[in-house]
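Engineer:
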């Protein structure tokens with residue numbers, strides 16, 4: 754969609770001098786709600802979200818890019834949102850993940866390493882008649898269809 758590309762460009766323009774910040778996603782929902790998810794290697798502040806919102810909103814109004822009234826929401830991806838970018842894995846090292854794989858299997862484990870092509874999780878494996886063991890499994894990013902961070906309240 755042309756609007757989403759323009760919004761992406763505006764966000765990238767606003768965060769160009771902030772290499773620790775990165776755009777995750779832009780969505781225009783049918784109810785005229787424009788959602789922008791931005792994150793940072795150390796998280797993102799409310800002030801950063803406000804600045805991005807003002808920048809994008811100002812330019813969209815100036816360009817009359819959206820003909821009808823709309824809501825603009827700028828935030829970090831929510832807790833239940835799947836990871837979309839390789840860069841998000843590095844930020845979540847040490848956290849528990851739930852993975853859905855292309856072959857239909859599911860895995861859970863602690864993320865211990867991530868690079869541009871794969872991740873390594875430490876998962877609990879129990880073979881019949883043996884104790885549970887912690888095993889490191891390397892998984893190619895191409896083999897993952899969805900990754901969510903598991904929230905624990907321990």
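Numbering (our numbering), first residue to last: 754 to 907.
Here a beta-carbon is modelled for each residue, glycine too, at the ideal position from N, C-alpha and C.
Determine which residues share a DSSP beta bridge with residue 872 and list them.
Structural biologist: Here residue 872 is taken as the residue at index 119 of the chain shown, counted from 1. Its beta-bridge partners are 867 and 892.
Engineer: In the DSSP output, what is residue 902 paired with across the bridge?
Structural biologist: By 1-based counting over the chain shown, the position of residue 902 is 149. Answer by DSSP bridge pairing, in chain order: 850.
Engineer: Taking residue 890 and residue 899 to be in contact with their CB atoms under 8 Å, please state how far apart those CB atoms are, rounded to whole angstroms.
Structural biologist: Here residue 890 is taken as the residue at index 137 of the chain shown, counted from 1. Here residue 899 is taken as the residue at index 146 of the chain shown, counted from 1. Not quite, the Cβ-Cβ distance comes to about 17 Å (not below 8 Å), so this is no contact.
Engineer: Specify the secondary structure class of residue 832 as computed by DSSP and reduced to three states.
Structural biologist: Here the question's residue 832 lines up with position 79 in the chain shown. In this structure, residue 832 counts as coil in the three-state DSSP scheme.
Engineer: Less than 8 Å between the beta carbons of residue 850 and residue 862, yes or no?
Structural biologist: Walking along the chain shown from the start, residue 850 turns up at place 97. Walking along the chain shown from the start, residue 862 turns up at place 109. Yes; because the gap between Cβ atoms is below 8 Å, this pair is in contact.
Engineer: Where do the N-terminal and C-terminal ends of the beta strand (DSSP E) with residue 881 fall, by residue?
Structural biologist: Within the chain shown, numbered from 1, the residue matching residue 881 stands at position 128. Residue 881 -> no beta strand (DSSP E), and no H or E assigned at all.
Engineer: Using beta-carbon positions only, say whether residue 801 and residue 790 come within less than 8 Å of one another.
Structural biologist: The sequence position of residue 801 within the chain shown is 48, counting from 1. The sequence position of residue 790 within the chain shown is 37, counting from 1. No, Cβ-Cβ distance for residue 801 and residue 790 is not below 8 Å.
Engineer: Please work out which residues of its chain come closer than 7 Å, Cβ to Cβ, to residue 828, disregarding the five sequence neighbours upstream and downstream, and give them in chain order.
Structural biologist: Within the chain shown, the letter at position 75 stands for residue 828. Excluding sequence neighbours, residue 828 sits near 790 and 802.
Engineer: When the Cα atoms are used, what is the spatial distance from residue 775 to residue 885?
Structural biologist: As a first step, residue 775 must be located in the chain shown, where it is residue number 22. As a first step, residue 885 must be located in the chain shown, where it is residue number 132. Those two C-alpha atoms are separated by around 39 Å.
Engineer: Residue 801 by DSSP, collapsed to three states: which one?
Structural biologist: For the purposes of this step, residue 801 is taken as the residue at position 48 of the chain shown. Correct three-state label for residue 801: helix.
Engineer: If you run the structure through DSSP and keep just helix, strand and coil, what is residue 773?
Structural biologist: Your numbering for residue 773 matches position 20 in the chain shown. Residue state, collapsed to three classes: coil.
Engineer: Using a threshold of 8 Å, state whether the C-beta atoms of residue 825 and residue 798 are closer than that.
Structural biologist: Here residue 825 corresponds to residue number 72 of the chain shown, with the count starting at 1. Here residue 798 corresponds to residue number 45 of the chain shown, with the count starting at 1. For residue 825 and residue 798, no; Cβs fall outside 8 Å.
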